[in-house]
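In the numbering used here, the protein residues as written are 3 to 504.
Cβ atoms here follow ideal geometry from the backbone N, Cα and C, with glycine treated the same way.
To keep things clear, I will list the structure first and then write my remarks on it.
Pasting the structure below:
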């Protein structure tokens with residue numbers, strides 16, 4: 003988390019007073035700690051791939067610009083900033099220029115800029131009092147407090163604009179088969195990466211979205227597909243696979259919509275008709291199924307409550323869509339950027355609201371120790387896991403908060419799958435989320451300083467500036483800090499031992 007540093011009540015002389023400065027003039031460093039930090043980055047890169055440390059470095063750069071926003075506006079408005087550090091804890095390396103010490107600390111969990119006189123409890127040398135945060139006008143205080151979040155929105159705007167205008171966006175009309183599910187109908191028929199299906203059994207396919215409606219009624223049936231491959235039209239024949247429709251899954255307690263039965267009591271199943279011939283209403287069976295949630299096979303026990311013999315299945319090929327990336331140009335890129343900023347900001351606000359709900363707390367805390375997820379491969383349950391239990395297990399992490407570790411993992415996965423464009427879009431969205439988060443009206447977040455400044459402005463009278471009693475705000479501030487630290491620690495540990503699947 004990033005923030006303008008709010009100091010606790012003074013306990014003695016301040017080290018930024020004239021004549022009492024104890025800070026060094028030249029650079030200092032902790033070579034052992036620096037070596038450990040570099041070694042940790044190298045180990046992380048070797049373990050997770052080169053994108054992992056690059057994603058973390060990108061997040062560090064993002065945090066740097068957040069603090070740079072505070073620092074530059076503080077200097078511009080005449081405030082005195084005595085420290086500008088990335089990280090917390092022991093100092094790894096620092097140097098002093100003028101009245102400010104710049105440096106790097108051991109724990110890369112945020113950053114801070116120390117501006118003097120943030121509240122009425124901080125003692126400031128009388129000579130520096132005119133440069134204290136608390137003595138500046140309301141617009142200047144709001145500007146400095148909001149500059150960090152402002153930088154996030156500026157960075158997000160630039161990243162979205164670069165991606166949309168020059169790197170491009172997926173064109174749904176230029177879709178292709180990115181890959182096929184091993185052993186599925188598409189794989190058996192001979193579809194390969196790069197193919198585009200033009201028609202199925204004579205029915206034209208209008209984009210990838212048109213595959214489902216055409217294919218749906220054709221489960222277990224022979225298929226003749228016109229396919230565009232390397233600029234040439236070819237014909238491919240095969241047989242449509244199947245998966246459960248909504249009505250089909252409704253009659254099988256333990257399986258969900260879009261899942262497929264691969265075997266019943268150890269006997270392989272290839273068609274929906276064969277499945278119907280192997281089961282009876284009112285009985286339970288051990289089955290191997292293919293999950294719709296994470297595209298993996300698992301063993302479970304199901305109870306047959308009813309069988310929809312006409313509409314219980316949907317045709318299935320087993321293809322993963324890819325789309326050609328097409329740059330939009332400056333004009334259209336600007337419009338898409340504005341829409342993306344609005345959508346992502348709304349999603350960030352909604353997400354924070356959901357996290358603060360009962361569901362959000364359950365997903366983050368209570369469910370951390372509830373491993374009732376869908377059955378794992380090779381472990382057939384002794385009793386039927388109901389549909390509602392399956393859905394709850396699949397939804398277990400839907401509103402879970404993640405740490406910087408989880409964010410880095412998500413960014414790495416996106417970068418691995420989508421390259422530089424995916425990484426930039428991740429940073430853009432992440433910037434907006436951090437920008438919105440820092441505007442929450444709670445100290446020590448930036449939004450808390452804005453609220454205090456606004457309250458002081460309302461209470462001030464002409465010629466007399468009112469200063470809120472920060473001593474009354476300290477208990478709540480310390481509580482927020484404790485909760486944030488606990489959340490960061492808890493989510494960080496959970497993201498290590500129970501990684502979220504993105």
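Buried or exposed (CB count within 10 angstroms, at least 16 for buried), residue 229: Under the 10 Å beta carbon count, residue 229 is surrounded by 16 or more other beta carbons and is classified as buried.
Can you name the residues that DSSP bridges to residue 255? Beta-bridge pairing by DSSP links residue 255 to 305.
Using a Cβ distance threshold of 8 Å, determine whether the region 283-302 contacts the region 192-212, with at least three qualifying pairs required. By the criterion of at least three beta-carbon pairs nearer than 8 Å, the region 283-302 is not in contact with the region 192-212.
When you compare only the Cα positions, how much space is there between residue 242 and residue 224? Cα-Cα distance, rounded: 6 Å.
Residue from 306, 461, 190 with nearest C-alpha to residue 272: Residue 190 is the option with its Cα nearest to residue 272.
In chain order, what residues of the same chain lie with their CB nearer than 7 Å to the CB of residue 154, ignoring the 5 residues before and after it? So the list reads 68, 433, 434, 436, 437, once near-sequence residues are dropped.
Less than 6 Å between C-beta atoms, sequence neighbours within five positions excluded: which residues of the same chain meet that for residue 263? Excluding positions up to five away in sequence, the list reads 271, 277, 289, 291.
Quick one, which of 92, 91, 96 has its alpha-carbon nearest residue 84's? Of 92, 91, 96, the residue nearest in Cα terms is 96.
Where does residue 386 fall in DSSP's three states? Residue 386: coil per DSSP, three-state reduction.
Could you tell me how far apart the beta carbons of residue 166 and residue 307 are, in whole angstroms, since I believe they sit closer than 8 Å? Incorrect: roughly 49 Å between the Cβ atoms, too far for contact.
Do residue 244 and residue 221 count as a contact pair if the criterion is CB distance below 8 Å? Pairing residue 221 with residue 244 gives a Cβ-Cβ distance under 8 Å.
Does DSSP classify residue 98 as helix, strand or coil? In this structure, DSSP gives residue 98 an extended state, which the three-state scheme calls strand.
State the start and end residues of the unbroken beta strand (DSSP E) segment that holds residue 272. Segment: none, residue 272 is in no beta strand (DSSP E) and carries neither H nor E.
Along the chain, where does the alpha helix (DSSP H) containing residue 163 start, and where does it finish? From DSSP, the alpha helix (DSSP H) with residue 163 extends over 140-164.
Answer with buried or exposed for residue 480, where buried requires no fewer than 16 other C-beta atoms within 10 angstroms of its C-beta. Exposed is the label assigned to residue 480, since fewer than 16 other Cβ atoms lie within 10 Å of its Cβ.
Residues bridged to residue 205 (per DSSP): DSSP lists 202 as the bridge partner or partners of residue 205.
Under 8 Å, with one C-beta from each stretch per pair, do the region 193-205 and the region 155-165 reach the 3-pair mark? They do not touch, by the three-pair rule.
I'd like to know whether the C-beta atoms of residue 497 and residue 411 end up nearer to each other than 8 Å. In terms of Cβ geometry, residue 497 and residue 411 form a close pair [threshold 8 Å].
Can you list, in chain order, the residues of its chain whose CB lies under 8 Å from that of residue 187, leaving out five sequence neighbours each side? The beta carbon of residue 187 sits closer than 8 Å to those of 225, 240, 241, 242, 243, 318, 319, 320, all from its chain and outside the five residues before and after it, given in chain order.
Between the Cα of residue 86 and those of 116, 253, 76, spot the shortest distance and give me the residue it belongs to. Of the candidates 116, 253, 76, 116 places its Cα closest to the Cα of residue 86.
I'd like to know whether the C-beta atoms of residue 430 and residue 413 end up nearer to each other than 8 Å. Not a contact, by the Cβ cut-off of 8 Å.
Sheet register partners of residue 238 (DSSP bridge): For residue 238, which the question treats as bridged, DSSP gives the partners 227.
Cβ distance (whole Å) where residue 197 is taken to contact residue 388 below 8 Å: Not a contact, Cβ separation roughly 39 Å.
Taking all protein chains shown into account, decide if residue 337 is buried (16 or more other Cβ within 10 angstroms of its Cβ) or exposed. Of the residues assessed, residue 337 falls on the exposed side of the cut-off, its CB having fewer than 16 other CB atoms within 10 angstroms.
What is the rounded straight-line gap between the Cα of residue 488 and the Cα of residue 141? Roughly 34 Å between the two C-alpha positions.
Output the distance between the C-alpha atoms of residue 359 and residue 79, rounded to the nearest integer angstrom. Approximately 39 Å, taken between the alpha carbons.
Based on Cα-Cα distance, which residue from 324, 274, 285 lies nearest to residue 181? Cα-wise, what sits closest to residue 181 is 324.
Between residue 81 and residue 183, which are expected to be in contact by the criterion C-beta below 8 Å, what is the C-beta distance as a whole number of angstroms? With 8 Å as the limit, residue 81 and residue 183 do not qualify as a contact, their Cβ atoms being about 59 Å apart.
Less than 8 Å between the C-beta atoms of residue 408 and residue 493, yes or no? Between residue 408 and residue 493, the gap from beta carbon to beta carbon is short of 8 Å.
Test item: CB-CB of residue 71 and residue 90 under 8 Å: Not a contact, by the Cβ cut-off of 8 Å.
Per DSSP, what kind of secondary structure is residue 88 in: helix, strand or coil? The DSSP-derived three-state label of residue 88 is strand.
Quick one: give me the first and last residue of the alpha helix (DSSP H) that residue 461 is part of. Where residue 461 is concerned, the enclosing alpha helix (DSSP H) stretches over 448-461.
Limits of the alpha helix (DSSP H) - the one that residue 334 falls within: 331-357 is the extent of the alpha helix (DSSP H) around residue 334.
Rounded to a whole number of angstroms, what is the C-alpha to C-alpha distance between residue 64 and residue 159? Taking the straight line joining both Cα atoms gives about 13 Å.
At 4 residues or longer, what runs of the alpha helix (DSSP H) sit wholly inside the region 394-437? Within the region 394-437, no complete alpha helix (DSSP H) run reaches 4 residues.
Tell me, which residues are paired with residue 321 by DSSP? Per DSSP, 182.
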